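Peer 1: Residues in the sequence shown are numbered consecutively from 774, following the numbering used here. Glycine included, each C-beta is placed from N, C-alpha and C at the ideal position. It should be emphasised that the depicted structure is a prediction, and the values quoted were computed from it without experimental measurement. Got a structure here, written out as structure tokens. Questions coming.
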Amino acid sequence: MSGQCYFEIQADDTQRAVAFYRALFGWRFDRVEGLPVEYWRIETGGAGGGLLQRPARTPPAECGTNAFVCSFEVDDFDTAAQRIASAGGQVALPKFAIPGRCWQGYFLDTEGNTFGLFQVDDAAE
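This is the structure in structure tokens:
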């Protein structure tokens, strides 16, 4: 089994989501034609990803919300948090220390998806 990772972000408004993540991380987005859904390939400089039109407004009635949250490393947590707010995102869980490892926090993008940021800092307390 390979240890490679590929992530996908679902969006109600793909153009708004592309603009949000482009402003936040500077990611490159390329539209993929010929698929049954609107789909964008994401080039991050690291793990690859995709962004697609959310296939359903709400999950089926028999299941709760399912999520797999990705956290992205940043050089400066506070600067990234300011960019998130400027791009229309919201704080879900404010910055906190994982002692001896990093600063971590969680946010909501413009589509209501949760994602995390972390800044490596051995002195975090």
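Could you check whether the region 777-794 touches the region 859-866, counting it as contact only if at least three pairs of C-beta atoms, one from each stretch, sit closer than 8 Å?
Peer 2: Output reads yes: the region 859-866 touches the region 777-794.
Peer 1: Between which two residues does the alpha helix (DSSP H) carrying Thr852 extend?
Peer 2: 850-859
Peer 1: Would you kindly report the start and end of the unbroken alpha helix (DSSP H) that includes Gln788?
Peer 2: 787-798
Peer 1: Just the C-alpha distance for Glu806 and Thr787, rounded to the nearest angstrom, thanks.
Peer 2: For Glu806 and Thr787, the gap between their C-alpha atoms comes out near 14 Å.
Peer 1: What does DSSP give as the partner residue(s) for Arg814 in the beta ladder?
Peer 2: Asp803, Gly823
Peer 1: Looking at the unbroken beta strand (DSSP E) that takes in Leu890, where does it start and where does it end?
Peer 2: Looking at the DSSP string, the run of the beta strand (DSSP E) that includes Leu890 is 887-893.
Peer 1: Whose C-alpha, out of Leu824, Glu811, Asp785, Ala784, is nearest the C-alpha of Arg801?
Peer 2: Leu824
Peer 1: Closest by CA to Asp785, which one among Asp882, Gln855, Pro809, Arg856?
Peer 2: Asp882
Peer 1: On the three-state DSSP scale, how would you describe Val864?
Peer 2: strand
Peer 1: Could you give the first and the last residue of the continuous beta strand (DSSP E) run that contains Ala896?
Peer 2: Counting along the chain, Ala896 falls outside any beta strand (DSSP E), and DSSP gives it neither H nor E.
Peer 1: Leaving out the 5 sequence neighbours to the left and right, which residues in its chain are closer than 7 Å to Pro867 when beta-carbon positions are compared?
Peer 2: Gly878
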